[in-house]
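Trainee:
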Amino acid sequence: EALMLSDVLESLWPSLPLTLLLFIPANVLTFFGGLFIALALSQRYGKVVDRVTTLLVPMFAAPPWFHGIFLIVIFAAFAKLLPFGGYISPPIPETSFGYALGVLKHMILPMTAIVLGTMPHAVYANRALFLIHSSEDYVELAGAKGLKPNRIRIRYILRPVLPTIITNFIMVTLVAWQGIILTEAIFNWPGIGTLLISAIRMHRVSIVIGTVTVFAYLLGLSVLFLDLLYVMVDPRLKLGAGGRPL
Numbered sequence: 014e015a016l017m018l019s020d021v022l023e024s025l026w027p028s029l030p031l032t033l034l035l036f037i038p039a040n041v042l043t044f045f046g047g048l049f050i051a052l053a054l055s056q057r058y059g060k061v062v063d064r065v066t067t068l069l070v071p072m073f074a075a076p077p078w079f080h081g082i083f084l085i086v087i088f089a090a091f092a093k094l095l096p097f098g099g100y101i102s103p104p105i106p107e108t109s110f111g112y113a114l115g116v117l118k119h120m121i122l123p124m125t126a127i128v129l130g131t132m133p134h135a136v137y138a139n140r141a142l143f144l145i146h147s148s149e150d151y152v153e154l155a156g157a158k159g160l161k162p163n164r165i166r167i168r169y170i171l172r173p174v175l176p177t178i179i180t181n182f183i184m185v186t187l188v189a190w191q192g193i194i195l196t197e198a199i200f201n202w203p204g205i206g207t208l209l210i211s212a213i214r215m216h217r218v219s220i221v222i223g224t225v226t227v228f229a230y231l232l233g234l235s236v237l238f239l240d241l242l243y244v245m246v247d248p249r250l251k252l253g254a255g256g257r258p259l
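Count along the sequence shown from 1, then add 13; that gives the number in the numbering used here.
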């Protein structure tokens, strides 16, 4: 059993940081991009850009791996601007800067695929929230008082709906974790998603169980982090048995 555990850890340890290297930046881009795009669209309700975006958002609501196929065809096969996949291309750069630049170049397509597969959900849900709160009496009163539009957006529209936005983002995070396995496989990115598929093909049951367990823990930690963030942005909630604010 100790030998099996050592084999599992030896396989998972190099792959986990590479998965997080894709997942964390992609989700940060999804959260803030979805937030501010939706806020901008809600301020242009009914205009051409709002109608076009609202029409296109459901069309882009496909899994990340689906977007990945088209990104590879367009930017790697036809345009030849970016690599097909992998983590780094030979020859391996000798300098740290060159190595980091090479990794970043390989990250662009898979990270873009994850963002395209998750951001439409965030934009669509956030836009609906902003539209509802934009028509509240206190928002119209703030405008009548002559407050600057940016202050109205941030203080009177964005802040009250942040808890709900975080709740919606938890669902977006679930979608991202589900899609990252096939996305890594398509781009041959050596993360735990690619490791899982390889282990299934080779019938390495211990690696499969270990990888699924790691995925479960990562998902749980992601939801826990968002729950803690929820408590921080919503002063009405309490944390702990003593009912003390966070």
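By construction, the Cβ of each residue, glycine as well, lies at the ideal position given by its N, Cα and C atoms.
(1) In the DSSP assignment, find the alpha helix (DSSP H) that holds I183 and state where it starts and stops.
(2) Rounded to whole angstroms, what is the Cα-Cα separation between Y112 and G47?
(3) In whole angstroms, what is the alpha-carbon distance linking G115 and S102?
(4) Since I165 and V152 should fall inside the 8 Å C-beta cutoff, what is the C-beta to C-beta distance between them, to a whole number of angstroms?
(5) How many angstroms separate the CA atom of S24 from the CA atom of G99?
(6) Sorted by chain position, which residues of the same chain lie with C-beta nearer than 6 Å to A39's C-beta, five sequence neighbours on each side aside?
(7) Distance check for L154 and I82, CA to CA, integer angstroms please.
(8) Taking L232 as the reference, which of L142, T32, G159, I213 has the closest Cα?
(9) Whether or not the segment 87-98 and the segment 62-76 are in contact is what I'm after, with contact meaning three or more pairs of Cβ atoms, one per stretch, closer than 8 Å; do they touch?
(10) If you pair each beta-carbon of the segment 133-149 with each one of the segment 171-181, do three or more pairs fall below 8 Å?
(11) Expressed to the nearest angstrom, what Euclidean distance is found between the alpha-carbon atoms of L160 and G192?
(12) Since L239 contacts F182 with CB under 8 Å, what's their CB separation in whole angstroms?
(13) Considering only residues of the same chain and omitting the five flanking positions on each side of D63, which have a CB-CB separation below 7 Å?
(14) Using DSSP with H/G/I as helix, E/B as strand and the rest coil, what is R168?
(15) Is the CB-CB distance between L35 and M120 below 8 Å?
(16) To the nearest angstrom, how far is it from the Cα of E197 to the Cα of A189?
(17) Between the alpha carbons of Y243 and F45, how many angstroms are there, rounded?
(18) What did DSSP end up calling E23 once you bin it into helix, strand or coil?
(19) How big is the Cα-Cα spacing for T27 and A157?
(20) Using alpha carbons as the reference points, say which of A135, H134, I85, Y169 lies closest to D150.
(21) Check W78 in the structure and name its three-state DSSP category.
(22) If we ignore side chains and look at the alpha-carbon of each, how far apart do V21 and L209 end up?
(23) Around the Cβ of P77, are there at least 16 other Cβ atoms within 10 angstroms (buried) or fewer (exposed)?
(24) Please classify R217: does DSSP put it in a helix, a strand, or coil?
Mentor: On the basis of the coordinates in this document:
(1) Residues 172-199.
(2) Roughly 31 Å separates the two Cα atoms.
(3) Taking the straight line joining both Cα atoms gives about 7 Å.
(4) With a beta-carbon spacing of about 6 Å, I165 and V152 fall inside the 8 Å limit used to define contacts.
(5) Each residue's Cα considered, the two are about 17 Å apart.
(6) Excluding positions up to five away in sequence, the list reads M124, I127, V128.
(7) One alpha carbon belongs to I82, the other to L154, and they sit about 49 Å apart.
(8) That would be T32, whose Cα lies nearest to the Cα of L232.
(9) Verdict: no, contact absent.
(10) They touch, by the three-pair rule.
(11) If I take the Cα positions, the gap works out to 43 Å.
(12) Right, the Cβ-Cβ distance comes to about 6 Å (below 8 Å), so this counts as a contact.
(13) Answer for D63: L54, R57, listed in chain order.
(14) Note: R168 maps to helix in three-state DSSP.
(15) Between L35 and M120, the C-beta spacing is below 8 Å.
(16) So the two alpha carbons sit approximately 12 Å from each other.
(17) Y243 and F45 have their C-alpha atoms roughly 16 Å apart.
(18) In this structure, E23 counts as helix in the three-state DSSP scheme.
(19) Going by the sequence as given, residue 27 is Pro instead of Thr. If I take the Cα positions, the gap works out to 57 Å.
(20) The residue with the shortest Cα to Cα distance from D150 is Y169.
(21) The three-state secondary structure of W78, taken from DSSP, is helix.
(22) The straight-line gap separating the alpha-carbon atoms of V21 and L209 is approximately 11 Å.
(23) Buried, since its Cβ has 16 or more Cβ neighbours within 10 Å.
(24) Coil at R217, not helix or strand.
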